[in-house]
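Colleague: I'd like to ask you about the structure that follows.
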Amino acid sequence: MITSPAEGTLIEDSSFLVEGTGIPGATIMVTVTGASMRMVTVPESGLWSVSVGVPLSNPPEGFDVSATQQVADGPASLPSNVVHLSNYVPPPEITAPRDGAVILTPTFTVRGTGVPGYSILLQTGRIYVTTVDASGNWTVADVITEFLPPAGFDVSAAQNLGGALSSAMSNVVHITTVLTPPVIGSPADGAATPASVIVTGIGALGATVTVFDGATALISGPVNAVGEFTFLVTLSAGAHVLSATQTLSGFTSDPSNIVTVTVTSPPPPTPTVTTEVHDAAHNAVSSVTAGTAVHARVGVTGTGAPLTGRVKVFWYDAGGCLAGTHLAVSPLLSLVDGAVDATSFAQTPSTLGTYSFQAVYSGDPAYQDTTGPCVPFTVDPLPPATVTTQVHDASHTVVTSAVAGITVHPFVQ
182 MITSPAEGTL IEDSSFLVEG TGIPGATIMV TVTGASMRMV TVPESGLWSV SVGVPLSNPP
242 EGFDVSATQQ VADGPASLPS NVVHLSNYVP PPEITAPRDG AVILTPTFTV RGTGVPGYSI
302 LLQTGRIYVT TVDASGNWTV ADVITEFLPP AGFDVSAAQN LGGALSSAMS NVVHITTVLT
362 PPVIGSPADG AATPASVIVT GIGALGATVT VFDGATALIS GPVNAVGEFT FLVTLSAGAH
422 VLSATQTLSG FTSDPSNIVT VTVTSPPPPT PTVTTEVHDA AHNAVSSVTA GTAVHARVGV
482 TGTGAPLTGR VKVFWYDAGG CLAGTHLAVS PLLSLVDGAV DATSFAQTPS TLGTYSFQAV
542 YSGDPAYQDT TGPCVPFTVD PLPPATVTTQ VHDASHTVVT SAVAGITVHP FVQ
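Dropping the structure here:
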């Protein structure tokens, strides 16, 4: 009978000790799934032990250990109790930076998850060691950036609990160390376009892309979380040579592919969009108390043709519209005498803080689509309540003095 190790034990080394009981003088044959058999003779005490190896395949489902005994030339016994063990250590996971990240700084930080208490061995061409904390997270700071050709290196990790047994390698994160140019995907080279042109493409995560018309910078903005950029630029009539660069960690790439477009008509004029925050009484406000309904009043003015477009209002949870999260957006609202009083899109914020409205005018062939200014306002706490206390007699009349024996009581309002 096998008495040790216990069922379900995690074996953390390449070999381990199996102990049990048997008939003195009998031969014990210990079998480990996926490993070689080991034999030992039972001493007079009837207690035996033998060192056995773990399966080299390190199966996630674990392995079994059993034993039989044979006395002299007699037949072997039936197998003993079967003990199920595990020598599987799951691989850790690298969660940051993401695969394909561009890193141009001398050092960077790697973060990931693993088994609490286990040691992490991080490999980049160098070895770094840290320990998984109680919440299952680990961090290695000041990892040296390996500026190796062809512009990158791999980061991976394994984990163990101090023994010889180690997990398989984690996910592999490839780090790029050269800031390659962005790629403009649209418009196509040689395209004829309207004056308002949408320029899209692919860039490095976290980079800032700048689009140029010849040597003139038109617009800059960030690459989004999936590595794409989109800009709306306005061009004059005629031919234009578009290109882009991207900047990350103080480094600027070479120019992108060249895209030549031709604008066949002059751009339409830009209308003026103004926005005020109004309360329910249509008063312009810059702050309200919690629970007060507010709405945007949007005015649009043009310099030529009548206005035929419509307005969409965005509602943000921060004073800066780009810094906040847009909480809601109105349907398209029609102008009445050049304005929209968006009472149908009223908001009633109950949480203290700063909020914003922003309006977009669009759908007018005579004017450019135009985004109005971000208009912030604050939500303040309610003023403290006023408490008034009076002294009443039994007939509920206010008294300021009374004779002895008269019953009085407080009246609080």
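Each residue of the sequence shown is one higher than the last, beginning at 182 in my numbering. All C-beta atoms in this analysis are idealised placements derived from N, C-alpha and C, irrespective of residue type, glycine included.
Enumerate in chain order the residues of its own chain whose CB-to-CB distance from GLY395 is below 6 Å, with the five nearest sequence positions on each side excluded.
Modeller: Counting from 1 along the sequence shown, the entry for residue 395 is found at position 214. If we look at GLY395 and ignore the five residues flanking it on each side, its Cβ neighbours are VAL422.
Colleague: Does the distance from the CB of VAL479 to the CB of VAL440 come in under 8 Å?
Modeller: In the sequence shown, residue 479 corresponds to position 298, counting from 1. In the sequence shown, residue 440 corresponds to position 259, counting from 1. No.
Colleague: What three-state label does DSSP hand PHE526 in the structure shown?
Modeller: Counted from its first residue, the sequence shown places residue 526 at position 345. Correct three-state label for PHE526: helix.
Colleague: Going by DSSP, what residue range makes up the beta strand (DSSP E) through ASP323?
Modeller: Counting from one through the sequence shown, the residue named residue 323 turns up at place 142. First-last of the beta strand (DSSP E) with ASP323: 318-325.
Colleague: When burial is assigned at 16 or more other CB atoms within 10 Å of the CB, is ASN268 buried or exposed?
Modeller: The residue labelled residue 268 in the question sits at position 87 within the sequence shown. Answer is buried; the Cβ neighbour count reaches 16.
Colleague: With contact counted as at least three CB pairs below 8 Å, one residue from each stretch, are the stretch 427-441 and the stretch 528-544 in contact?
Modeller: Too few Cβ pairs lie closer than 8 Å, so no.
Colleague: Please report the straight-line C-alpha distance between THR320 and SER515, rounded to a whole angstrom.
Modeller: Walking along the sequence shown from the start, residue 320 turns up at place 139. Walking along the sequence shown from the start, residue 515 turns up at place 334. Taking the straight line from one Cα to the other gives about 54 Å.
Colleague: Jot down the residue ranges of each uninterrupted beta strand (DSSP E) in the stretch 528-579, minimum 3 residues, whole runs only, in chain order.
Modeller: For the stretch 528-579, whole beta strand (DSSP E) runs of length 3 or above, ordered along the chain, are 534-543, 556-561 and 570-574.
Colleague: Report the rounded CA-to-CA distance for ASN262 versus ALA248, giving the unit in angstroms.
Modeller: To locate residue 262, count along the sequence shown from 1; it is residue 81. To locate residue 248, count along the sequence shown from 1; it is residue 67. Distance between the alpha carbons of ASN262 and ALA248 is about 8 Å.
Colleague: Could you tell me the boundaries of the beta strand (DSSP E) in which GLN340 lies?
Modeller: Position 159 of the sequence shown, counted from the start, is the residue given in the question as residue 340. Residues 333-341.
Colleague: Would you kindly work out how many angstroms separate the C-alpha atoms of VAL572 and SER467, rounded to a whole number?
Modeller: Counting from 1 along the sequence shown, the entry for residue 572 is found at position 391. Counting from 1 along the sequence shown, the entry for residue 467 is found at position 286. Answer to the nearest angstrom: the Cα atoms are 42 Å apart.
Colleague: With GLY553 and THR455 assumed to form a contact (beta carbons below 8 Å), what rounded beta-carbon distance in angstroms separates them?
Modeller: Position 372 of the sequence shown, counting from 1, holds the residue named residue 553. Position 274 of the sequence shown, counting from 1, holds the residue named residue 455. The pair is a contact, with the Cβ atoms about 7 Å apart (cut-off 8 Å).
Colleague: I'd like the ranges of any beta strand (DSSP E) spanning at least 3 consecutive residues and lying wholly in the stretch 447-534.
Modeller: Within the stretch 447-534, the complete beta strand (DSSP E) runs of at least 3 residues are 453-460, 468-470, 475-482, 491-497, 507-510 and 520-522.
Colleague: In whole angstroms, give me the CA-to-CA distance for GLY382 and ASN352.
Modeller: Here residue 382 refers to the residue found at position 201 of the sequence shown. Here residue 352 refers to the residue found at position 171 of the sequence shown. Distance between the alpha carbons of GLY382 and ASN352 is about 28 Å.
Colleague: Of the residues MET350, ALA509, ILE325 and PRO368, which one's Cα is nearest the Cα of ILE356?
Modeller: On the sequence shown, position 175 is the one that residue 356 refers to. For the residues MET350, ALA509, ILE325 and PRO368, the minimum Cα distance to ILE356 belongs to ILE325.
Colleague: So, at 6 Å on beta carbons, what are the nonlocal neighbours of VAL354 in its own chain, with the 5 sequence-adjacent residues on each side left out?
Modeller: For the purposes of this step, residue 354 is taken as residue 173 along the sequence shown, with counting starting at 1. Only ILE275, ASP280 and VAL336 meet the Cβ criterion.
Colleague: I'd like to confirm the pairing. Which residues does DSSP put opposite PRO591 in its beta bridges?
Modeller: If you number the sequence shown from 1, residue 591 lands on position 410. DSSP lists VAL572 as partners of PRO591.
Colleague: Which residues bound the beta strand (DSSP E) around GLU409?
Modeller: Taking the sequence shown and counting its residues from 1, the one referred to as residue 409 is at position 228. GLU409 -> beta strand (DSSP E) spans 409-415.
Colleague: Kindly give me the distance between the Cβ atoms of PRO368 and VAL442, rounded to whole angstroms, as I take these residues to be in contact under 8 Å.
Modeller: Here residue 368 corresponds to residue number 187 of the sequence shown, with the count starting at 1. Here residue 442 corresponds to residue number 261 of the sequence shown, with the count starting at 1. Between VAL442 and PRO368 the Cβ distance is about 5 Å, and since that is below 8 Å, they are a contact.
Colleague: Between LYS493 and ALA385, what straight-line distance do the alpha-carbon atoms span, to the nearest angstrom?
Modeller: Mapped onto the sequence shown, residue 493 falls at position 312. Mapped onto the sequence shown, residue 385 falls at position 204. Distance between the alpha carbons of LYS493 and ALA385 is about 32 Å.
Colleague: Helix or strand or just coil, what does DSSP make of PRO403?
Modeller: Residue 403 sits at position 222 when you count from the first residue of the sequence shown. Note: PRO403 maps to strand in three-state DSSP.
Colleague: Using only CA atoms, which one of GLY519, TYR497 and GLY472 lies nearest to LEU563?
Modeller: Position 382 of the sequence shown, counted from the start, is the residue given in the question as residue 563. The option with the nearest alpha carbon to LEU563 is GLY472.
Colleague: Considering only C-alpha positions, which residue in the set PRO241, SER232 and PRO205 is nearest to GLN250?
Modeller: Within the sequence shown, numbered from 1, the residue matching residue 250 stands at position 69. For the residues PRO241, SER232 and PRO205, the minimum Cα distance to GLN250 belongs to PRO205.
Colleague: What does DSSP give as the partner residue(s) for PHE197 in the beta ladder?
Modeller: Locating residue 197 in the sequence shown gives position 16, where the first residue counts as 1. DSSP, once it has assigned bridges, lists VAL233 as partnering PHE197.
Colleague: In chain order, what residues of the same chain lie with their CB nearer than 8 Å to the CB of GLN539, ignoring the 5 residues before and after it?
Modeller: The sequence position of residue 539 within the sequence shown is 358, counting from 1. Result list for GLN539: THR456, VAL494, PHE495, TYR497, CYS502, THR552, GLY553, PRO554, CYS555 and VAL556, in chain order.
Colleague: Sort SER348, LEU508 and VAL378 by Cα distance to THR411 and report the nearest one.
Modeller: By 1-based counting over the sequence shown, the position of residue 411 is 230. Of the listed residues, the one whose Cα sits closest to THR411 is VAL378.
Colleague: Measure from the alpha carbon of ALA322 to the alpha carbon of each residue in ASP545, GLY234, ALA465 and THR290, then state which is nearest.
Modeller: Counting from one through the sequence shown, the residue named residue 322 turns up at place 141. The shortest C-alpha separation from ALA322 is found at THR290.
Colleague: If you reduce the DSSP assignment to three classes, tell me which class GLU225 lands in.
Modeller: Stepping through the sequence shown from its first residue, residue 225 is reached at position 44. Reduced to three states, the DSSP call for GLU225 is coil.
Colleague: Within its chain, find whatever has a CB closer than 6 Å to the CB of THR391; leave out the 5 residues flanking it on each side and keep chain order.
Modeller: As a first step, residue 391 is located in the sequence shown; it is residue number 210 there, counting from the start. Only ALA398, SER401 and THR426 meet the Cβ criterion.
Colleague: Output the distance between the C-alpha atoms of PRO362 and ASP370, rounded to the nearest integer angstrom.
Modeller: Residue 362 sits at position 181 when you count from the first residue of the sequence shown. Residue 370 sits at position 189 when you count from the first residue of the sequence shown. Roughly 17 Å separates the two Cα atoms.
Colleague: Which same chain residues end up closer than 7 Å to ILE183 when comparing Cβ atoms and leaving out the 5 residues on each side of it in sequence?
Modeller: Taking the first residue of the sequence shown as position 1, residue 183 is located at position 2. Correct list, in chain order: VAL199, GLY201, VAL246, ALA248, SER261, ASN262 and VAL264.
Colleague: I think GLY483 touches PRO450, with their Cβ atoms under 8 Å apart; what is that distance to the nearest whole Å?
Modeller: Taking the first residue of the sequence shown as 1, we reach residue 483 at position 302. Taking the first residue of the sequence shown as 1, we reach residue 450 at position 269. Right, their Cβ atoms sit about 7 Å apart.
Colleague: Can you tell me whether ILE192 is buried or exposed, with buried defined as 16 or more other CB within 10 angstroms of its CB?
Modeller: Here residue 192 corresponds to residue number 11 of the sequence shown, with the count starting at 1. Buried, since its Cβ has 16 or more Cβ neighbours within 10 Å.
Colleague: Taking PRO448 and THR415 to be in contact with their CB atoms under 8 Å, please state how far apart those CB atoms are, rounded to whole angstroms.
Modeller: For the purposes of this step, residue 448 is identified with residue 267 of the sequence shown, where counting begins at 1. For the purposes of this step, residue 415 is identified with residue 234 of the sequence shown, where counting begins at 1. 5 Å between Cβ atoms; contact.
Colleague: Between the Cα of GLN528 and the Cα atoms of ALA461, VAL584 and VAL579, which residue gives the shortest distance?
Modeller: Walking along the sequence shown from the start, residue 528 turns up at place 347. For the residues ALA461, VAL584 and VAL579, the minimum Cα distance to GLN528 belongs to ALA461.
Colleague: Pick helix, strand or coil for ARG292, following the three-state DSSP scheme.
Modeller: Within the sequence shown, residue 292 is the residue found at index 111, counting from 1. Strand, per DSSP.
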